[in-house]
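Scroll down for the structure; my scribbles are underneath it.
Here's what the structure looks like:
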């Protein structure tokens, strides 16, 4: 067993040109990584404080695997719409309290500023009243000339970073109209009680206990973009929200 292990370790660190080249490319992309070659430690662009770091031979494959996993980016639009605990899920694009709307670029697989006239958009209004994003694995047809997009959702609660995936409980749907197109916005709260700042258990409870929150949301969405007149078409309850999500699940 020890001989086999020694041969495997020796072959792993032999100076084979192709392997060395591929490792070099990998390490150039990850400048903080050091690796061993025939008992010699080589470093690539390491900061001085880190040049004393040494790796044991058995740690290298584990480190490479960890770095590979960390480099994998989630495919946010195609994450499950429903979690293992049977709650709907939301992906945050724009954080509560932000004035810089973000959207997810599926091609680049990252969150980028929302553009307006080719420039990053900045709200000329109060910051977002909640965390806005989308329900993954949903798709809503849009008007001609615009591509289909996931169903939008607003999560009321503490600020969450773009890319946060959390379980939610829908409490209703706010229906808005602009440029002849209806927009259904699922209004929700986090499913976990310790993440909730308000605790509605239904649309009627939300309306009865938090009428001011409801009014704030209406006024914010009606006035956030003065260049795009918007009308409030009404609200629907949590049962409608569930049906709406199910309807648009891919």
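Residue numbers (our numbering): 40 to 289. We treat Cβ as the ideally placed atom computed from N, Cα and C, and that holds for glycine.
Report the partner residues of residue i according to the DSSP bridge assignment.
i, result
"residue 171", "133, 193"
"residue 283", "Note: residue 283 sits in no beta bridge, so no partner."
"residue 143", "150"
"residue 128", "206"
"residue 274", "213"
"residue 158", "155"
"residue 288", "177"
Assign residue i to one of two classes, buried (16 or more other C-beta atoms within 10 Å of its C-beta) or exposed (fewer than that).
i, result
"residue 206", "buried"
"residue 262", "exposed"
"residue 172", "buried"
"residue 268", "exposed"
"residue 284", "buried"
"residue 123", "exposed"
"residue 170", "buried"
"residue 60", "Here residue 60 scores only 48 on pLDDT, less than 50, and its place in the model should not be relied on; the value that follows carries that caveat. Label assigned to residue 60: exposed."
"residue 239", "buried"
"residue 251", "exposed"
"residue 132", "buried"
"residue 189", "buried"
"residue 280", "buried"
Tell me which residues share the same chain as residue i and place their Cβ nearer than 7 Å to its Cβ, disregarding the 5 neighbours each side in the sequence.
i, result
"residue 117", "175, 176"
"residue 235", "196, 228, 229"
"residue 277", "209, 210, 211, 241, 242"
"residue 246", "253"
"residue 287", "177, 178, 179, 190"
"residue 248", "239"
Since I believe residue j is in contact with residue i (beta carbons under 8 Å), could you give me their beta-carbon distance rounded to a whole number of angstroms?
i, j, result
"residue 141", "residue 191", "Incorrect: roughly 13 Å between the Cβ atoms, too far for contact."
"residue 212", "residue 194", "Between residue 194 and residue 212 the Cβ distance is about 14 Å, and since that is not below 8 Å, they are no contact."
"residue 215", "residue 143", "So it is not a contact: roughly 21 Å between Cβ atoms."
"residue 203", "residue 166", "About 17 Å; that fails the 8 Å criterion."
"residue 255", "residue 168", "6 Å"
Within its chain, find whatever has a CB closer than 6 Å to the CB of residue i; leave out the 5 residues flanking it on each side and keep chain order.
i, result
"residue 112", "148"
"residue 198", "134, 135, 136"
"residue 217", "267, 269"
"residue 151", "144"
"residue 91", "In this predicted model, residue 91 has a pLDDT of only 49, less than 50, meaning its place in the structure is not dependable; the value taken from the coordinates is given anyway. Excluding sequence neighbours, residue 91 sits near nothing in its chain."
"residue 164", "263"
"residue 130", "115, 172, 173, 175, 204"
"residue 158", "none"
"residue 273", "214"
"residue 162", "138"
Between residue i and the rest of its own chain, which residues show a CB-CB distance below 8 Å, the 5 nearest in sequence each way excluded?
i, result
"residue 187", "178, 179, 180, 181"
"residue 119", "128, 175, 176"
"residue 121", "127, 128"
"residue 154", "160"
"residue 258", "none"
"residue 232", "238"
I want to check one thing, is the minimum distance from the CB of residue i to the heavy atoms of the ligand NAP below 7 Å?
i, result
"residue 131", "Among the components of this structure there are no ligands whatsoever, and the ligand NAP is therefore not found."
Runs of alpha helix (DSSP H) lying entirely within the segment 177-257, each at least 4 residues, in chain order: For the segment 177-257, the full-length alpha helix (DSSP H) segments reaching 4 residues or more read 242-248 along the chain.
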